[in-house]
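**Q** Pasting a structure here, questions to come.
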Amino acid sequence: MLTVTDINVFYGNINAIKGVSFEVQKGEVVTLIGANGAGKSTILKAISGLHRCKSGKISFLDSDIGSVAPHNIVKRGLAQVPEGRRIFLRMSVQQNLEMGNYIAHRSTMHERMEDVFTRFPRLKERRKQLGGTLSGGEQQMLAIGRALMASPTLLMLDEPSMGLAPLLVEQIFEIIKELNEAGVTILLVEQNARMALSVANRGYVLETGRIVATDEAHKLLDNEAVRKAYLGG
Numbered sequence: 021m022l023t024v025t026d027i028n029v030f031y032g033n034i035n036a037i038k039g040v041s042f043e044v045q046k047g048e049v050v051t052l053i054g055a056n057g058a059g060k061s062t063i064l065k066a067i068s069g070l071h072r073c074k075s076g077k078i079s080f081l082d083s084d085i086g087s088v089a090p091h092n093i094v095k096r097g098l099a100q101v102p103e104g105r106r107i108f109l110r111m112s113v114q115q116n117l118e119m120g121n122y123i124a125h126r127s128t129m130h131e132r133m134e135d136v137f138t139r140f141p142r143l144k145e146r147r148k149q150l151g152g153t154l155s156g157g158e159q160q161m162l163a164i165g166r167a168l169m170a171s172p173t174l175l176m177l178d179e180p181s182m183g184l185a186p187l188l189v190e191q192i193f194e195i196i197k198e199l200n201e202a203g204v205t206i207l208l209v210e211q212n213a214r215m216a217l218s219v220a221n222r223g224y225v226l227e228t229g230r231i232v233a234t235d236e237a238h239k240l241l242d243n244e245a246v247r248k249a250y251l252g253g
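Okay, structure coming up:
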């Protein structure tokens, strides 16, 4: 479904992403793990069209999207839940969800919104509430719901557990599993490597802009070097 081939991304003169290649097959959960500053979020932004690659190729559903505008990438079925949630704090829950519908037909917006409310009953209870008054976990649910309004076939999640209490982290990862079981392919960037690998089919380990290891998720969980570096021994 998604193929990233030998991409290089620069910030000014700094080569942030160095020859990274990986793929995501339909129906998978694939995770990118690594320390802060390894380049995980930069890769997602490159796929979304928010950063341009200096070289390399990004293909989605067998089409090169390297020069496609971000909103047209969403139209093709690839949506991102950004790091830090980035909801519209002064808009209501319902208005936030409506913003996620901007590329889709308004005639089916109500149906998609009801699907989101079925998945996240708490958002339905708070549909008139301002986004900025929600708890961190509720804001993360809203950010995911807003992305789902675009009916993506591939959903990219950037640090969905950031800043959340352990109980809410478990809840968010249950949601990720449920979305995947419902047919959504997922590319997950996450610092909580143990939780990410527990829901993923495969994983890639990123260090200073390079992929240094890849394997099935359960094998990475058992990999001694990965355990010491990312799983606390």
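One rule links them: number in the numbering used here = place in the sequence shown (from 1) + 20. Glycine included, each C-beta is placed from N, C-alpha and C at the ideal position.
What residues in its chain sit with their C-beta under 6 Å from that of L52, if we drop five residues either side in the sequence?
**A** For L52, where only same-chain residues beyond five positions count, the Cβ hits under 6 Å are K60, V209, Y224 and L226.
**Q** If you follow the beta strand (DSSP E) that N28 is part of, which residue opens it and which one closes it?
**A** Start and end: L22 to Y31.
**Q** Pairing CB atoms from the stretch 167-182 with CB atoms from the stretch 98-109, are three or more of them under 8 Å?
**A** With the cut-off at 8 Å, the stretch 167-182 and the stretch 98-109 touch.
**Q** Locate the alpha helix (DSSP H) running through G18, then write down its first and last residues.
**A** It is not possible to answer for residue 18, since the shown part of the chain is limited to 21 through 253.
**Q** Using beta-carbon positions only, say whether A167 and G120 come within less than 8 Å of one another.
**A** Cβ distance < 8 Å, so A167 and G120 count as in contact.
**Q** Using only alpha-carbon positions, find the residue among P186, Q114 and V246 that is nearest to V232.
**A** Ranking P186, Q114 and V246 by Cα distance to V232 puts V246 first.
**Q** Can you tell me whether L184 is helix, strand or coil according to DSSP?
**A** The answer is coil: DSSP assigns L184 none of H, G, I, E or B.
**Q** Report the residue ranges of all beta strand (DSSP E) runs contained in full by the stretch 40-68; include only those spanning at least 3 residues, in chain order.
**A** Runs of the beta strand (DSSP E) inside the stretch 40-68: 49-53.
**Q** Whose C-beta lies closer than 6 Å to the C-beta of L217 among residues of the same chain, with five residues either side of it excluded?
**A** These residues qualify, in order along the chain: G223, A237, L240 and L241.
**Q** Nearest by alpha-carbon distance to K74: which of I196, P102, K38 and R105 is it?
**A** It is K38.
**Q** Nearest CA to the CA of D26: which residue from S79, V50, V49 and Q160?
**A** Looking at the Cα atoms, S79 is the closest of the given residues.
**Q** Along the chain, where does the beta strand (DSSP E) containing A233 start, and where does it finish?
**A** Here the beta strand (DSSP E) through A233 covers R230 to E236.
**Q** In the DSSP assignment, what residue or residues form a beta bridge with I34?
**A** I34 pairs with Y31.
**Q** For M111 and N92, I'd like the C-alpha separation in whole angstroms.
**A** Looking at the two C-alpha atoms, the distance is approximately 24 Å.
**Q** For a minimum of 3 consecutive residues, which ranges assigned as the beta strand (DSSP E) are wholly contained in the stretch 68-106?
**A** With a minimum length of 3 residues, the continuous beta strand (DSSP E) runs that stay inside the stretch 68-106 are 75-80 and 98-101.
**Q** Go ahead and pull the three-state DSSP assignment for L175.
**A** L175: strand per DSSP, three-state reduction.
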